[in-house]
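Visitor: Can you read through this structure? Questions will come right after.
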Ligand code: NAD
Ligand code: LMR
């Protein structure tokens, strides 16, 4: 039997946690031969609900689940962690932008970054889901400076999946026929779903969807506003699809990306495409299967895409300025 992999999840009693945990414990994410030690982190008011979640996990009798630690102590929660999934934070309500949460959620990621730095395993990887996830990830990473910047990720896979689904529906093809769909920029209403470099059955999207006005207009807007549309319909933000996207993000980082495709994740910019170094920005990426990702170079954004991407990068810089007091030098 392999040594258990330590997986820490914040906000474990929340909606996303509820969808995420059984899939991790069952082996879907880290492999059918990989035992898991779960460290479930909640704030004090969430601890009672978390006990219920633990009871349910126990009642599943998962063969791969070695242990469960439920805690509100960050040092316990991140002790020896190999993968930290930072979900815990307040979701937005109808009428809010995700960045309106910075004042409430930003501070959470200072303490979490510091605790990860103090306690995590040498090979730790961190995926931030809690919104606004790009800038929260920047805050956590900046407060854990001994952990290399290539270990930090924020989730834009849900936007990729939404964009693929929307293109597939319009083109009358299956989701799996849509590839190379990059989300550029921020997980926000400025994100750019790159229809110009996406492919359908290996061909340009324009071959299947000739209406450029739809692609530039309703398509982009629908992806940018999908989170808000779900909040309007459910009265709660997306959870099942968010948990699924988190799982796919981790799976993609742990597998070799086929040379002809790419996936979206926000990661610390290395200066590619003129984006300020260190800014947590979404790009097309490929993984070598070692839990890291590299930015695909030389993708031609075109004039339209460059303007859209720049708008989103500008917003990321504005968010960074808003949290300057949470970013140590
Ligand atoms: P939720 O309110 O159902 O659950 C959040 C949980 O986090 C709660 O149980 C709460 O007690 C806990 N929590 C709050 N502060 C915490 C802290 N400091 N430490 C540990 N736990 C803490 O919310 P949810 O629907 O699970 O969403 C969680 C976050 O994920 C929200 O910020 C939401 O906007 C975001 N989200 C991001 C994406 C994305 O694509 N990046 C998609 C969906 C949701
Ligand atoms: C989403 O995209 O569904 C999440 O980021 C939740 C939200 O606030 O939109």
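In this note's numbering, the protein residues as written are 3 to 331. Cβ atoms here follow ideal geometry from the backbone N, Cα and C, with glycine treated the same way.
If you draw a straight line from the C-alpha of residue 320 to the C-alpha of residue 147, how long is it?
Guide: 22 Å
Visitor: Given the structure, does residue 92 come close to ligand 1, in the sense that its CB is under 7 Å from one of the ligand's heavy atoms?
Guide: yes
Visitor: Using the DSSP secondary-structure output, state which residues sit across from residue 71 in a beta bridge.
Guide: 41
Visitor: Give a single yes or no on whether residue 88 has its beta carbon closer than 7 Å to a heavy atom of ligand 2.
Guide: no
Visitor: Got a sec: does ligand 1 put a non-hydrogen atom nearer than 7 Å to the Cβ of residue 18?
Guide: yes
Visitor: Just the Cα atoms here: how many angstroms apart are residue 188 and residue 96?
Guide: 19 Å
Visitor: Just verifying my parser: in three-state terms, what is the DSSP assignment at residue 264?
Guide: coil
Visitor: Give the DSSP bridge partners of residue 187, in chain order.
Guide: 284
Visitor: Quick check: what's the CA-CA separation for residue 300 versus residue 89?
Guide: For residue 300 and residue 89, the distance between alpha carbons rounds to 33 Å.
Visitor: For residue 326, does the three-state DSSP call read helix, strand or coil?
Guide: Here residue 326 sits in helix by DSSP.
Visitor: With residue 100 and residue 47 assumed to form a contact (beta carbons below 8 Å), what rounded beta-carbon distance in angstroms separates them?
Guide: That belief does not hold up - the Cβ atoms of residue 100 and residue 47 are roughly 23 Å apart, past 8 Å.
Visitor: Measuring alpha carbon to alpha carbon, tell me which residue in 234, 254, 202, 228 is nearest residue 243.
Guide: 228
Visitor: Should residue 229 be listed as close to ligand 2, given that the test is whether its C-beta is under 7 Å from any heavy atom?
Guide: yes
Visitor: Tell me which same chain residues have a C-beta within less than 6 Å of the C-beta of residue 241, skipping the five on either side of it?
Guide: 17, 18, 21
Visitor: Have a look at the DSSP bridge pairing and note the partners of residue 316.
Guide: DSSP lists no partner for residue 316.
Visitor: Between the Cα of residue 132 and the Cα atoms of 288, 103, 255, which residue gives the shortest distance?
Guide: 103
Visitor: Quick test of your reading: residue 199 and residue 182, contact by CB under 8 Å. State the CB separation rounded to the nearest angstrom.
Guide: 6 Å
Visitor: How about residue 266 and residue 159: are their beta carbons less than 8 Å apart?
Guide: yes
Visitor: Decide if residue 317 is buried, meaning its Cβ has at least 16 other Cβ atoms within 10 Å, or exposed.
Guide: Flag for residue 317 reads buried.
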